[in-house]
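Q: Just dropping this structure here.
Residue numbers (this note's numbering): 1 to 476.
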């Protein structure tokens, strides 16, 4: 296992090295400049679209409402990265990592807009008449007509890496492990928790997209709101420390952070790398996952869905991750000897008390992680449809459920042998990171090759809207 872990870690360091960060930020900056900072000037319109009840959905092509599509994407996006990922970034890269996380999210909003615009524009119907899309389809239908061989390779690579990420990384073991460990903190039986997760996964998975989206619509807004309000409560109760915390974040982003308490110190490069990498891991902008959900939205406008989907990165990172990070800094938890979820729990407990802090963080983590399981199952199914057609859905669902259920064996082994070795699960976390990075490569190439389509669609939409003198919300 050690040799495998070393190999996987080396591969992950290579994939998520400086070149990847440059690619992700570079595409985001390119899109931001050419779209005229759309994520700022059109964010109010995007939020209005998100919360405006749209009528006559029967006249629009798609499977679920735009809001349901966003919730499905957020179900997979809002996860352990918002709690564990932020704590990891700050614990290694220092407070300055939060600044670079914000930067990654800012440019990532433009990337998410572009991805989801393309997903709707180039989506297609499968043999059942259901709309399917995502990077593999906009690579096939957008790049394919001119560069058939290149498109085929890129699309297949994305789909394969998407299935690997869902089955062996971010979609299963990493999330189940987070749920089980959180439940263990609340003194729940680990084995029964794993059994319940498996049963719920079976019920929701076999219900298909509509069941997944309905679950997401109910769970995501509630879990997100409760966590956000709790973070705000911690910040308000420590309001006098906020100015100093903000200054520390800004100073640490551009200077070496010295060792403090349990914090070992960090260079500017460490802050930048951890902030950007953890931010992208959390909001998935550029990875190509969210466009898969966006392609199912009931809409006739690629631009409208791009705007709505863009709010996902805003909610996930600029709101939730930034609130988590600020609580870690103002409470001083970031320089403790705690790591991951324990660090976030410490930040909440120090202000709200042991019981409230323990329950809010761990229950939030359980819900965040579980919705990620069902969200990534949906993503992987769409990749399977591209690779094998709809006939591959049922076998894949059975495989996915078996992988989720197999965690029961891990729990039994750990409990029976009283082992605490984290090598196996850490390797799986690294495989998840690695698969996500590999997904991003063909997707980023596609975004660059289809950039003119993104710019022309956007220009035509806003020019037409200006000429007609009506708002996007009124058009909907």
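C-beta atoms are modelled at their ideal positions from N, C-alpha and C, and glycine is treated no differently.
List the residues that DSSP assigns as beta-bridge partners of residue 131.
A: Under the DSSP definition of a beta bridge, residue 131 partners with 125.
Q: By how many angstroms is the C-alpha of residue 43 removed from the C-alpha of residue 303?
A: 13 angstroms
Q: Once DSSP output is grouped into helix, strand and coil, what is the label at residue 297?
A: strand
Q: Based on the DSSP secondary-structure assignment, which residues constitute the bridge partners of residue 257?
A: 266
Q: For residue 198 and residue 401, I'd like the C-alpha separation in whole angstroms.
A: 7 angstroms
Q: What do you get for residue 296, buried or exposed, if any count of 16 or more other CB atoms within 10 angstroms of its CB means buried?
A: buried
Q: Note down, in chain order, each residue of its chain lying with its Cβ closer than 8 angstroms to the Cβ of residue 121, except the 5 sequence neighbours on either side.
A: In its chain, beyond the 5 residues on either side, 138, 142, 302, 453, 457 have a beta carbon closer than 8 angstroms to the beta carbon of residue 121.
Q: Comparing alpha-carbon positions, which option in 35, 323, 406 lies nearest residue 85?
A: 323
Q: Please report the straight-line C-alpha distance between residue 228 and residue 431, rounded to a whole angstrom.
A: 30 angstroms
Q: Give the secondary structure of residue 236 by DSSP, where H, G and I count as helix, E and B as strand, and everything else as coil.
A: helix
Q: With burial defined as no fewer than 16 other Cβ atoms inside 10 Å of the residue's Cβ, what is the status of residue 436: buried or exposed?
A: buried
Q: Locate the alpha helix (DSSP H) running through residue 364, then write down its first and last residues.
A: Membership of residue 364 in the alpha helix (DSSP H) is indicated by the continuous run 354-388.
Q: Going by C-alpha to C-alpha distance, which of 112, 38, 325 sits closest to residue 250?
A: 325
Q: List the endpoints of the continuous alpha helix (DSSP H) containing residue 190.
A: 190-205
Q: Beta-carbon within less than 6 angstroms of residue 497's beta-carbon, same chain only, minus the 5 sequence neighbours each way: which residues are those?
A: This structure leaves residue 497 out entirely; the chain is present only between 1 and 476.
Q: Are the Cβ atoms of residue 235 and residue 330 separated by less than 8 angstroms?
A: yes
Q: Does DSSP put residue 10 in a helix, a strand or coil?
A: DSSP places residue 10 in helix when its eight states are reduced to three.
Q: Please work out which residues of its chain come closer than 7 angstroms, Cβ to Cβ, to residue 439, disregarding the five sequence neighbours upstream and downstream, and give them in chain order.
A: Taking C-beta separations shorter than 7 angstroms and ignoring five residues to either side along the sequence, the partners of residue 439 in its chain run 158, 161, 162, 165, 287, 288, following chain order.
Q: Pick helix, strand or coil for residue 35, following the three-state DSSP scheme.
A: Residue 35 falls in the coil class under three-state DSSP.
Q: When you compare the CB positions of residue 100 and residue 253, do they come within less than 8 angstroms of one another, or not?
A: yes
Q: Once the 5 residues before and after residue 71 are set aside, which same chain residues still bring their CB inside 8 angstroms of it?
A: 213, 216, 217, 220, 221
Q: Is DSSP giving residue 244 helix, strand or coil here?
A: helix
Q: How about residue 283 and residue 311: do their beta carbons lie closer than 8 angstroms?
A: no
Q: Straight-line CA distance for residue 450 to residue 337?
A: 46 angstroms
Q: Determine the contact status of residue 172 and residue 445, defining contact as a CB-CB distance below 8 angstroms.
A: no
Q: Taking 8 angstroms as the cut-off, decide whether the C-beta atoms of residue 316 and residue 78 are in contact.
A: yes
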